[in-house]
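Chemist:
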Amino acid sequence: AIQFTTALVTCIGWAIGIRSPTTQSLLASLGFACGFAASFNSPLAGILFAMEELQHVTPRLSRSMICVILVAAVVSTSVVRLWKGNVQFFNLNLDSELTSDLRGGSFNAVFGDGTWMLISVPIGVFCALVNLLSVRSIRMLHRGWAQARCCLREPAVLALQAMVGAIAGMLVFWATGLHGVWGVGVESLQQAFDQQFHTREYLVFAAGKLFAAVLAISVRAPGDMLEPFLIVGGFMGGAVGRLLLLTTGLGDRVVRPCVVFGMVGLFASSFRFPLVPVVIVFELTGVDTYSLVLPAALASFSAITVASRLCPSVLDEVMHEDGIDLGAIAAAAAAAAASAAATGDGAGGEKAAVKCPTDEEVRALLSRLSVAAEATPSVATTDEVPEQGAPGLQIETAAPRDQEEGTVTLPYPIELAVPKDPDEPVPEKTPVPAIAEKDVADETEKAALSEAA
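If you use the working numbering, the sequence shown corresponds to residues 15 to 467, in order.
Below, the structure is given as structure tokens:
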């Protein structure tokens with residue numbers, strides 16, 4: 015549903031002539047917010063997901079953008095609730111003893127008896143390591159698939175992926191009795207909330223589900239990406255909770271909160287959205303779990319902090335493999351807008367005032383386009399509005415030796431003078447021969463005689 019709504023909205027915008035990269039990104043975020051909110055019955059998470067995703071395109075989210083996303087998510091969720099009712103995905107049934115432990119008034123009453131809920135921090139770190147394993151596996155399998163494309167056609171690869179995934183699901187079902195590897199896995203996660211599994215069963219299901227998801231992502235097979243990581247994280251958190259149960263005397267009440275912390279941690283480390291996993295988990299599990307918001311936020315923070323130092327997110331890895339750079343698209347869109355504003359006319363026939371790009375913006379754009387990789391450019395800026403066709407600023411930089419001499423034109427009104435070899439001495443200008451004084455006198459005399467005649 016999320017992929018369908020996103021593609022549908024962007025196709026409609028393209029068909030009616032809305033083809034600006036920035037506007038297309040906004041339309042895609044609108045479709046994503048609608049599909050996300052309707053699929054999970056979580057309008058707030060859909061709104062936050064769209065807003066955090068739009069930060070890749072523009073750092074300035076206007077109030078009108080936020081209001082449009084808000085209305086779209088509310089409308090889509092309302093339609094689903096009119097049709098299917100206000101359905102809650104998971105029921106945790108938290109113990110009353112656990113709720114009383116979080117009544118506040120003391121440090122132990124904020125993070126549980128003996129502050130055991132700070133286990134969310136190690137769970138976040140564990141999820142970051144699992145994300146590292148996922149990203150490297152996706153990279154390796156995708157490279158192998160790219161090399162095998164010369165021998166196997168895409169339908170054969172997809173059939174092989176389906177067969178391997180089915181075998182993995184069968185092995186997991188034989189070991190745990192859970193069949194969530196073959197589908198989304200919502201029912202299996204609800205079973206993890208309702209009953210206690212052994213640590214081995216938690217880990218086996220998480221490994222099988224993660225393997226099936228990574229395999230599908232690597233070959234770009236149709237399938238979901240968000241829910242599998244939520245469910246895998248829940249089972250990994252359940253395994254940690256089970257170990258905590260066996261090593262402490264806290265009782266069974268520790269397992270369900272650890273499942274929630276795992277869901278938040280793996281989702282945050284895999285997609286690098288700090289707020290979305292916290293909100294979506296509480297919208298999926300109901301308001302009764304809101305008392306877990308503080309340790310869940312710590313799980314999200316620790317997972318993102320560690321994962322950002324280890325590897326890119328799953329989405330960034332997939333887009334990098336497919337040659338998509340959201341930062342470069344954002345820079346090109348901003349540059350095109352600035353160039354259009356600089357050459358356009360304002361009210362009354364006067365040129366619209368525009369602020370020339372700063373040095374930091376120019377250097378960021380140069381780094382995105384891999385220009386001047388061996389030298390820092392010297393930038394000369396001006397506060398005046400450039401004339402039409404004239405560069406707003408001149409940048410002279412040294413290029414690598416294998417580049418040809420020429421001029422690189424960017425979307426900003428910029429020209430980059432790129433010499434072929436930065437070490438090559440600048441040729442001296444040929445001196446103009448001096449004119450002797452006698453020659454000057456002769457020429458003066460000739461001119462005077464000609465005037466007299």
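Just so it is clear, CB atoms sit at the ideal spot from N, CA and C, and this is done for glycine as well.
Just to confirm my understanding: we take V320, look at its own chain, exclude 5 residues before and 5 after, and list those with CB closer than 6 Å. What are they?
Modeler: Taking the sequence shown and counting its residues from 1, the one referred to as residue 320 is at position 306. Correct list, in chain order: V139, A142.
Chemist: Tell me which same chain residues have a C-beta within less than 6 Å of the C-beta of A226, skipping the five on either side of it?
Modeler: Stepping through the sequence shown from its first residue, residue 226 is reached at position 212. Contacts found: G179, A182, V195.
Chemist: Measuring straight from C-alpha to C-alpha, what distance separates L146 and C325?
Modeler: The residue given as residue 146 occupies position 132 in the sequence shown. The residue given as residue 325 occupies position 311 in the sequence shown. Rounded to the nearest angstrom, the two C-alpha atoms are 6 Å apart.
Chemist: Quick one: is L312 buried, meaning 16 or more other Cβ sit within 10 Å of its Cβ, or exposed?
Modeler: As a first step, residue 312 must be located in the sequence shown, where it is residue number 298. By the 10 Å Cβ count, L312 comes out buried.
Chemist: On the three-state DSSP scale, how would you describe E410?
Modeler: As a working note, residue 410 is residue 396 in the sequence shown. Because the pLDDT at E410 is just 41, under 50, the model does not fix this residue reliably, and the value given afterwards should be weighed accordingly. Of the three classes helix, strand and coil, the one that applies to E410 here is strand, per DSSP.
Chemist: Tell whether a beta-carbon distance below 7 Å holds between V295 and V274.
Modeler: Within the sequence shown, residue 295 is the residue found at index 281, counting from 1. Within the sequence shown, residue 274 is the residue found at index 260, counting from 1. Taking 7 Å as the Cβ cut-off, V295 and V274 qualify as a contacting pair.
Chemist: Once you ignore the five residues that flank P57 on each side, which residues in its own chain have a CB closer than 7 Å to its CB?
Modeler: For the purposes of this step, residue 57 is taken as residue 43 along the sequence shown, with counting starting at 1. A51, A87, V88, T91, listed in sequence order.
Chemist: Relative to the alpha-carbon of G251, which residue among F207, S120, D330, G49 has its alpha-carbon at the smallest distance?
Modeler: Stepping through the sequence shown from its first residue, residue 251 is reached at position 237. Cα-wise, what sits closest to G251 is F207.
Chemist: Please state the DSSP three-state secondary structure of T24.
Modeler: The residue you call residue 24 lines up with position 10 of the sequence shown. Helix.
Chemist: Taking the Cβ atom as the reference point for each residue, do G45 and T20 lie within a distance shorter than 7 Å?
Modeler: Taking the first residue of the sequence shown as position 1, residue 45 is located at position 31. Taking the first residue of the sequence shown as position 1, residue 20 is located at position 6. Cβ atoms of G45 and T20: closer than 7 Å.
Chemist: Which runs of the alpha helix (DSSP H), 4 residues or longer, sit entirely within the region 183 to 262?
Modeler: With a minimum length of 4 residues, the continuous alpha helix (DSSP H) runs that stay inside the region 183 to 262 are 200 to 208, 213 to 232, 240 to 261.
Chemist: Quick one: is Y304 buried, meaning 16 or more other Cβ sit within 10 Å of its Cβ, or exposed?
Modeler: Counting from one through the sequence shown, the residue named residue 304 turns up at place 290. Classification for Y304: exposed.
Chemist: Please say whether I80 and S53 have beta carbons closer to each other than 7 Å?
Modeler: The residue given as residue 53 occupies position 39 in the sequence shown. The residue given as residue 80 occupies position 66 in the sequence shown. Not a contact, by the Cβ cut-off of 7 Å.
Chemist: What are the start and end residues of each continuous alpha helix (DSSP H) run of 4 or more residues lying completely inside the region 96 to 173, in chain order?
Modeler: Runs of the alpha helix (DSSP H) inside the region 96 to 173: 110 to 115, 134 to 162.
Chemist: Exposed or buried, what is T129 when buried is set at 16 or more other beta-carbons lying within 10 Å of its beta-carbon?
Modeler: For the purposes of this step, residue 129 is taken as residue 115 along the sequence shown, with counting starting at 1. By the 10 Å Cβ count, T129 comes out exposed.
Chemist: With DSSP collapsed to three states, give me the class of P326.
Modeler: The residue given as residue 326 occupies position 312 in the sequence shown. Three-state result, P326: coil.
Chemist: Count the other C-beta atoms from every protein chain shown that fall within 10 angstroms of the C-beta of P169, then say buried if there are 16 or more, exposed otherwise.
Modeler: Counting from one through the sequence shown, the residue named residue 169 turns up at place 155. Counting Cβ neighbours within 10 Å, P169 comes out exposed, since fewer than 16 surround it.
Chemist: Does I181 come out as helix, strand or coil in the three-state DSSP assignment?
Modeler: As a working note, residue 181 is residue 167 in the sequence shown. Note: I181 maps to helix in three-state DSSP.
Chemist: Does the distance from the CB of A527 to the CB of A317 come in under 7 Å?
Modeler: No answer is possible for residue 527: the residues shown for the chain start at 15 and end at 467.
Chemist: Should S232 go down as buried or exposed, given a rule of 16 or more other Cβ atoms within 10 Å for buried?
Modeler: Translated into the one-based positions of the sequence shown, residue 232 becomes position 218. Buried is the call here.
Chemist: Are there three or more Cβ pairs, one per stretch, closer than 8 Å when the region 35 to 49 is compared with the region 251 to 264?
Modeler: Touching, no.
Chemist: Could you name the residues of the same chain whose beta carbon sits closer than 8 Å to that of F121, not counting the 5 residues immediately before and after it, in chain order?
Modeler: Counting from 1 along the sequence shown, the entry for residue 121 is found at position 107. Contacts found: T129.
Chemist: Could you tell me if H156 is buried or exposed, where buried requires 16 or more neighbouring beta carbons within 10 angstroms of its beta carbon?
Modeler: Position 142 of the sequence shown, counted from the first residue, corresponds to residue 156. Buried, since its Cβ has 16 or more Cβ neighbours within 10 Å.
Chemist: Do T299 and L106 have their CB atoms nearer than 7 Å?
Modeler: The residue given as residue 299 occupies position 285 in the sequence shown. The residue given as residue 106 occupies position 92 in the sequence shown. Yes, these two residues count as a Cβ contact at 7 Å.
Chemist: Assuming F275 is part of the alpha helix (DSSP H), what are its boundary residues?
Modeler: If you number the sequence shown from 1, residue 275 lands on position 261. From DSSP, the alpha helix (DSSP H) with F275 extends over 269 to 285.
Chemist: Is it right to say S78 is buried, meaning 16 or more other beta carbons lie within 10 angstroms of its own, or is it exposed?
Modeler: Reading the sequence shown from its first residue, position 64 is the one you call residue 78. S78 should be labelled exposed.
Chemist: My guess is that A253 and S134 are in contact by the Cβ rule of under 8 Å, so how many angstroms apart are they, rounded?
Modeler: Stepping through the sequence shown from its first residue, residue 253 is reached at position 239. Stepping through the sequence shown from its first residue, residue 134 is reached at position 120. No, A253 and S134 are not in contact; Cβ-Cβ is about 14 Å, not under 8 Å.
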